[in-house]
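One structure below.
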Amino acid sequence: MVAETPPEEVRARLEAGEGFDLVDIRDADAYDEAHIPGAENVPLDDLEDAVDDREWADEVIVACYVGESSVQVARFLDARTDAEVSSMAGGYDAWRGDLE
Amino acid sequence: MSGPSLDDFVDMPDEVDDETAERLAEQAVETQDMTGEVCPYPQVEAKKAIQRLDSGDLLLQETDHVPSTENVPRAVGDAVDARVWRSGDGLYRIFLRKR
Chain P
1 MVAETPPEEV RARLEAGEGF DLVDIRDADA YDEAHIPGAE NVPLDDLEDA
51 VDDREWADEV IVACYVGESS VQVARFLDAR TDAEVSSMAG GYDAWRGDLE
Chain W
1001 MSGPSLDDFV DMPDEVDDET AERLAEQAVE TQDMTGEVCP YPQVEAKKAI
1051 QRLDSGDLLL QETDHVPSTE NVPRAVGDAV DARVWRSGDG LYRIFLRKR
């Protein structure tokens, strides 16, 4: 089981400048259209190649459209990295903060 | 790529073999091509279709989005019996039989 982080907590921690990777697994078009400030786009289809090729922060929070695919990706990253990984509950659908 | 793949972390329903998949595909009263589509669209479309179908009818959803093989059956819940076929090269068939 991977944890789910409420979007309000993600927002508060971003505003507090806390260090973690916020990984947006939506496709590039959706990300380019609007994304959470500070989120990094790693589209789902690129993840298996990217997982071993980059450094991961001690903590990673995964975000997608509605918080379902992000759970599966969080399980994957939890197993394949040393990071503490969670899924952003409800995804972008539940996000009430700013977008850029 | 070393280590398990994303497939291994998706909680799929029971899988069927090629022969069973072919037989089930012929029984499907509705087929939805969801290749290229990502959550939540496949879930929404599956729920709508299941509402239209009669008990015993079979809905087939084709997808290349591996999370759907868990998220779609979960979205339609107890209304169906779900099984999955995987091609081995990135295509999946989700079979949803309305109870």
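As given, the protein sequences belong to chains P and W, one line each in that order. Residue numbers for the first sequence follow our numbering, beginning at 1 and rising by one. Residue numbers for the second sequence follow our numbering, beginning at 1001 and rising by one. All residues carry an ideal CB built from backbone N, CA and C; glycine is no exception.
- The criterion of a C-beta distance shorter than 8 Å is satisfied by Arg1099/W and Ser1055/W.
- The beta-carbon separation of Val66/P and Gly90/P, rounded to 7 Å, stays under the 8 Å limit for a contact.
- Assigned with DSSP and collapsed to three states, Phe1009/W falls in helix.
- Judged by their CB atoms, Ala1021/W and Gln1032/W are not nearer to each other than the 8 Å cut-off.
- Separation of Val1072/W and Thr5/P (C-alpha to C-alpha, rounded to the nearest whole angstrom) is 22 Å.
- When 7 Å is used as the limit between beta carbons, Val1010/W is near these residues of chain P: Gln72, in chain order.
- Under the 8 Å Cβ criterion, the stretch 10 to 28 of chain P counts as touching the stretch 53 to 61 of chain P, having at least three qualifying pairs.
- Taking 8 Å as the cut-off, the beta carbon of Ser86/P is found closer than this to the beta carbon of Ala74/P.
- Looking at the backbone, the Cα of Val1044/W and that of Leu1024/W are separated by about 22 Å.
- Taking the CA atoms as reference points, Ala34/P sits about 44 Å from Glu1019/W.
- For Asp78/P, the uninterrupted alpha helix (DSSP H) run begins and ends at 69 to 80, by DSSP.
- In the displayed model, Thr1035/W falls within coil according to three-state DSSP, outside both helix and strand.
- In the three-state reduction of the DSSP assignment, Asp21/P falls in the strand class, which pools E and B.
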